[in-house]
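Residue numbers (the working numbering): 409 to 692. The C-beta atom is built at its ideal place from N, Cα and C for all residues, glycine as well. What follows is a short report on a single structure.
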Ligand code: NAP
């Protein structure tokens, strides 16, 4: 049976470090603070906001909530972001997306100052990920995958890593982060020919496809692999699951992240970690 790469111990270790860092900042008179910007009342956004708020409060990070109506103009949202950029009491900003249709996502995201872009949504942050320099922060989900590998002692160096998915939120930045750690990376997408065999060849396999619950079945796996399942779905029975057919994977691969309780759990802790790092940098 595969080893379960649970998120909980990773989160516990990250929380312990964040709590200590928050205290050290407080001794210098700085209260690390996250602003969460939400447009509209989408239940998914509200749930994510509540989860992030709870995780911040647990380690002593402050949270400010900025909420705009669904019909807010792009100019109003950009003005709110500019205010947060120049507010020295806010160290990181989480903008909940997707934005309403009347807004240009790229223009809005790039209004945010890269030093407060704790979820890697600005071009500057992403350029930093690709160049291997710290201009902003990598997207939290991609970083969560790297945190899990590090916690469980999986060194990507020299390994064949296959990344399924090429979104800017997960697949592309994760590929670059694995490359930075000296993995030999293959990036896959819907036009990849014979995806099962490309996946089977991987020593580290990350899957963020998001199109079909449990769509990655036994033919995609091989013995000994480390599998990170990024996908999130609620199935027809109201049960949460991932891209991976977990029952097939766990009898075959070396280790696998569960859903729920895997990558998603760690993502919010990465968010908190980035806020603390942003506060440290802005205080120096
Ligand atoms: P996305 O923007 O829709 O991108 C999905 C990517 O997967 C695309 O590049 C697509 O290829 C590729 N893909 C889809 N089906 C495929 C298939 N059958 N074979 C090969 N490639 C396939 O999605 P995303 O934002 O990256 O999110 C992906 C999943 O991760 C979703 O389930 C989402 O809910 C989840 N997610 C989880 C977290 C977390 O914290 N755990 C955070 C963010 C997202 P093409 O480019 O060719 O279309």
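Considering just the uninterrupted stretch of the beta strand (DSSP E) at residue 675, what are its terminal residues? That residue, residue 675, is in no beta strand (DSSP E); its alpha helix (DSSP H) goes 671-691.
Classify residue 429 as buried or exposed, calling it buried when 16 or more other Cβ atoms lie within 10 Å of its own Cβ. buried
Are there 16 or more other CB atoms within 10 angstroms of the CB of residue 431, so buried, or fewer, so exposed? exposed
Nearer than 7 Å: is that true of the beta carbon of residue 575 relative to any heavy atom of ligand 1? yes
Pull up the distance between the alpha-carbon of residue 690 and that of residue 490, whole angstroms please. 17 Å
Bridge-paired residues (DSSP) for residue 624: 652
Identify, in the order they occur along the chain, each residue of the same chain with its Cβ nearer than 7 Å to the Cβ of residue 497, setting aside the five sequence neighbours on each side. 441
Could you please give me the residues that DSSP links to residue 641 through a beta bridge? 649
Nearest neighbour of residue 513, chosen from 668, 531, 523, 524 [CA to CA]: 531
With distances taken from CA atoms, which of 454, 632, 517, 568 is nearest residue 576? 517
With DSSP as the reference, please indicate the residues paired to residue 615 in a beta bridge. 572, 637
Simplified DSSP state of residue 428, which is helix, strand or coil: helix
Give the straight-line distance between the Cα atoms of residue 668 and residue 621, rounded to the nearest whole angstrom. 13 Å
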